[in-house]
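Below is one structure; the comments refer to it alone.
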Amino acid sequence: SDVQWSRVDKTETTCGYCAVGCRFDVYTKDDDFLAVQPTEAENAPANDFSTCVKGKFGYEFVDDEARLEKPLVRISDERPLPAGQKESEEYPGFREVSWDEALDVVAEGFQDIRSETGPDALACFASSKGTNEEAYLVQKFARSVLGTKNIDNCARLCHSSTVAALQQTVGYGAMTNRINEDVAEADAYLITGSNTTESHPVLSTRIKQNLRDGAEAYVFDPRKVEIAEHATQYARTRPGYDVAWLNGLTRYIIEHDLHDRSFIEERTKNFEELREKVDPFTPEEVERLAGVPPEELETAARGIAEADKVVFGWAMGMTQHAHGTQNCLALANLALVTGNVGKQGAGLSPFRGQNNVQGGGGDMGTLPTSLPGYQDLTDPEVLDKFEDEWGVRPPDEEGLKVPETFEEAGKGNIEGMYVVGENPALSEPDIDHATESLEALDFLVVQDIFMTETAEFADVVLPAATFPEKDGTFTNTERRVQRVRKAMDAPGEARTDMDILCDLAGRFDHDWDYDSSSDVMDEITRLVPIYGGMQHERLDEKGGIQWPCWDDEHEGTDFLYEEEFNFDDGLARFVPADMGKPGELPDEEFPLTMTSGRVLYHWHTGTLTRRVEGLMHHVGESFVELNPTTAETLGVSDGEYVRVTSKRGDIVVKAEVTDRVGEGVVFVPMHFAAGAVNKLTQEHFDPQSGIPEYKVASVRVDALGTD
Ligand code: SF4
């Protein structure tokens, strides 16, 4: 009420939390973040006028007193405290320095490693939270300035197995359809491994509205997530055995002649291989392996096969497994067998996590396996094109994936790391092992908005800007590139990733002469065919464009594969999925299976949301869900503290007794540093994508008898 509204500014931008890509107006006064309000519905294609609790109220972190405001350099034998300077009171062990000094230290640190050991002793992690333009510059910095092939990002840990599977089956590693015109218009859904209500709230509202209007939904999940309450049928699955029930559905559909013969004949290949591979997955075998009763398998198979338009929605419950790519292949096969790709109201919908994981975590080439736009980094013509634009030829070999980078850092083969907006000290599996790797580094630079658990290990910490403080674009889960606009200045001396990277590149004699993020996007449009028409002026005018958008005449592509799939012959491929077992099975010492996931009020490692009082009020600490029968067997009561132990470590958290989880299965959320679930998770990785198996770990729960 004491706000002078005449001095309040309104800026239309895109949400910085999840990949639904809600658009809204941010209200600021000077550099205070005041509120978020719905924008005009026609400017908000993914959300109309809706936002969720995080998108609307989760912004105390922007003005939080703990925002990093000055660069910091660790005091060490190598970099002792200069005479007359003092240690930071706020960050003991560090001293505050000027940007010039900080960037000189960074440049010298990386140059020393490069000249003594070579560029591949360096690794960079980009962020899926920053803009496309910033992510593009991080990979350009890695490849053209440092000359390293080791560039990756946190998408490795969430949907890399989806990307690997969809590239093999349909061509692009992305959601094939739109939120409003397709997902919200389906006749039926198969939803699996997605806690849609809590992870993608606005998108789940669309689905629930459609279910109220008569659509059907079949939810398969080890945990009875909220969306299952609205489903036609919920089937509880055994964690880690998803290929069994997915292949079982496909087998049932083929055996009962419910498959789409003309679609299979005209638009796909390798059907016979698929038929053979799924043959052993009889209903009885599916029940034995995955715990799904034959009648539930039959109901879902018939419902999916008989509906005209089916959307297959999934998230990390499918992807984060040692055989995550096989899970996603099995899903894609099922969608193709039923002819549900390439038409309105149907499709493959991996619900992406971070606000810009599709763009910054994939399209922009922050990947060790491909250049921006998923272009082949061994193709001489592609390399020529980048060399012409950059003046430097990018490395033509695949680099290390995130887990491999940590492994090699532990062995001393990666000596320097540049972490931009990531928090691997909490997000890696088996974090005690991951932090040993961070400690083993000779030189670690962390660029972030807070002193994160990872920054505590850094030699140099660079204060960065967050989304209302910068300009550029995000790409949402439906491939829609949308504008992000600056509403306020970053606090203190914090700078945007783009500013920092340009300054840093200059210290290596690379003249990055960009006046604005629009200039960076222009460069992207010249190099990345699927972004060919994504100039900022066009995005401003159209309010967002879905890729592929080939040039400045092209309107973008609303849903993919209407005419042909993204292969030379235009045909989709059935790639039969192999059944794999979890990397760890329960035994006498660790008899329970733990799975992990999200809650509505928090975000990833909680760096942002744990600072928002209103959100902490709802869920203020970590917990473990136990089924009533499991709890009774263990003598655990609701609300008491218990110790959860795996082979890697243990945590103490509150018990929540609930039948959301089945007997023998427990669930721990991923958002807390105290009671961090990744103290328990295991380091088994999917061989194709490198994604860790966060969703299955064997644990023991011991009652502590304290409330
Ligand atoms: Fe932001 Fe996602 Fe919530 Fe929309 S649903 S407001 S994009 S967090």
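Adding 374 to a residue's 1-based position in the sequence shown gives its number in UniProt numbering.
Every residue, glycine too, gets a C-beta built ideally from N, C-alpha and C.
Model, not experiment: these values are computed from the prediction.
{"Asked": "Tell me whether Gly-957 is buried or exposed, calling it buried when 16 or more other Cβ atoms sit within 10 Å of its Cβ.", "Found": "buried"}
{"Asked": "Does the Cβ of Pro-412 lie closer than 7 Å to at least one heavy atom of the ligand SF4?", "Found": "no"}
{"Asked": "What is the DSSP secondary structure of Ser-375, reduced to helix, strand or coil?", "Found": "Bear in mind that the predicted position of Ser-375 carries a pLDDT of just 47, short of 50, making it unreliable; the figure below should be weighed with that in mind. Note: Ser-375 maps to coil in three-state DSSP."}
{"Asked": "Could you name the residues whose beta carbon sits closer than 5 Å to any heavy atom belonging to the ligand SAM, keeping them in chain order?", "Found": "For the structure depicted, the ligand SAM is absent and the ligand set comprises only the ligand SF4."}
{"Asked": "Using CA coordinates, which residue listed in Arg-552, Ala-516, Thr-402, Ala-497 is at the minimum distance from Ala-420?", "Found": "Arg-552"}
{"Asked": "Report the partner residues of Glu-590 according to the DSSP bridge assignment.", "Found": "Ala-562"}
{"Asked": "Please list, in chain order, all residues of the same chain as residue 351 whose beta carbon is under 8 Å from its beta carbon, the five residues on each side excluded.", "Found": "The structure shown does not extend to residue 351, since the chain is modelled only from 375 through 1081, so no value can be given for it."}
{"Asked": "Quick check on Gly-1079: buried or exposed, where buried means 16 or more other Cβ atoms within 10 Å of its Cβ?", "Found": "exposed"}
{"Asked": "DSSP state of Ile-823, grouped into three classes?", "Found": "coil"}
{"Asked": "Under 8 Å by Cβ, that's how I've got Phe-725 and Ser-573 pegged, so tell me the actual separation to the nearest angstrom.", "Found": "7 Å"}
{"Asked": "Can you grab the Cα-Cα spacing for the pair Leu-818 / Phe-948, in whole Å?", "Found": "43 Å"}
{"Asked": "If you follow the beta strand (DSSP E) that Phe-515 is part of, which residue opens it and which one closes it?", "Found": "Unbroken run through Phe-515: none, as it is neither H nor E."}
{"Asked": "Please classify Lys-460 as buried or exposed, where buried requires at least 16 other C-beta atoms within 10 Å of its C-beta.", "Found": "exposed"}
{"Asked": "Who are Gln-920's beta bridge partners in DSSP?", "Found": "Arg-854"}
{"Asked": "Quick check: the Cα distance between Arg-1074 and Leu-455, rounded to an integer number of angstroms?", "Found": "47 Å"}
{"Asked": "Taking Arg-530 as the reference, give the member of Ala-709, Asp-595, Thr-740, Cys-702 with the closest Cα.", "Found": "Thr-740"}
{"Asked": "Report the residue from Ala-674, Leu-836, Arg-625 whose alpha carbon sits nearest the alpha carbon of Glu-659.", "Found": "Arg-625"}
{"Asked": "I'd like to check one pair, Glu-507 with Thr-847: are the Cβ atoms closer than 8 Å?", "Found": "yes"}
{"Asked": "By DSSP, does Trp-764 sit in helix, in strand, or in coil?", "Found": "helix"}
{"Asked": "Compare the C-beta of Gly-747 with all C-beta atoms of chain B and state if any pair is closer than 8 Å.", "Found": "The chain labelled as chain B is not found in the depicted structure, where only one protein chain is given."}
{"Asked": "Would you mind listing the alpha helix (DSSP H) stretches within the segment 645-681 that are 4+ residues and don't spill past its ends, in chain order?", "Found": "645-652, 657-664, 668-680"}
{"Asked": "Would Gln-749 and Arg-853 qualify as a contact pair, given that the criterion is a beta-carbon distance under 8 Å?", "Found": "no"}
{"Asked": "Would you list the residues sitting across from Asn-527 in a DSSP beta bridge?", "Found": "Ala-500"}
{"Asked": "Closer than 8 Å is the cut-off here; do at least three beta carbon pairs connect the segment 870-879 with the segment 520-539?", "Found": "no"}
{"Asked": "With respect to the alpha helix (DSSP H) encompassing Ile-627, which residues constitute its N-terminal and C-terminal limits?", "Found": "616-629"}
{"Asked": "On the CB-based measure, 16 or more other CB atoms within 10 Å of its CB, does Pro-667 come out buried or exposed?", "Found": "exposed"}
{"Asked": "Using only the alpha-carbon positions, how far apart do Glu-386 and Thr-505 sit?", "Found": "16 Å"}
{"Asked": "Flag this pair as touching only if the segment 429-437 and the segment 464-473 have three or more C-beta atom pairs under 8 Å; answer yes or no.", "Found": "no"}
{"Asked": "If you drop the 5 nearest sequence neighbours on each side, which residues of the same chain put their C-beta closer than 6 Å to that of Asp-451?", "Found": "none"}
{"Asked": "Leu-623 and Leu-671: beta carbons closer than 8 Å?", "Found": "yes"}
{"Asked": "Quick one: Cα of Asp-1060 to Cα of Gly-545, how far?", "Found": "20 Å"}
{"Asked": "Alpha carbon to alpha carbon, how far is Asn-1001 from Ala-497? Give it in angstroms, no decimals.", "Found": "43 Å"}
{"Asked": "Between Gly-880, Thr-840, Val-394, which lies nearest to Gln-728 when the distance is taken from Cα to Cα?", "Found": "Val-394"}
{"Asked": "Taking the alpha carbon of Ala-674 as the point to measure from, which residue in Gln-607, Ser-890, Arg-912 has its own alpha carbon closest?", "Found": "Gln-607"}
{"Asked": "In or out: Pro-754 buried (at least 16 other Cβ within 10 Å) or exposed?", "Found": "exposed"}
{"Asked": "When DSSP labels each residue in this structure, what does Thr-505 get in the three-state scheme?", "Found": "coil"}
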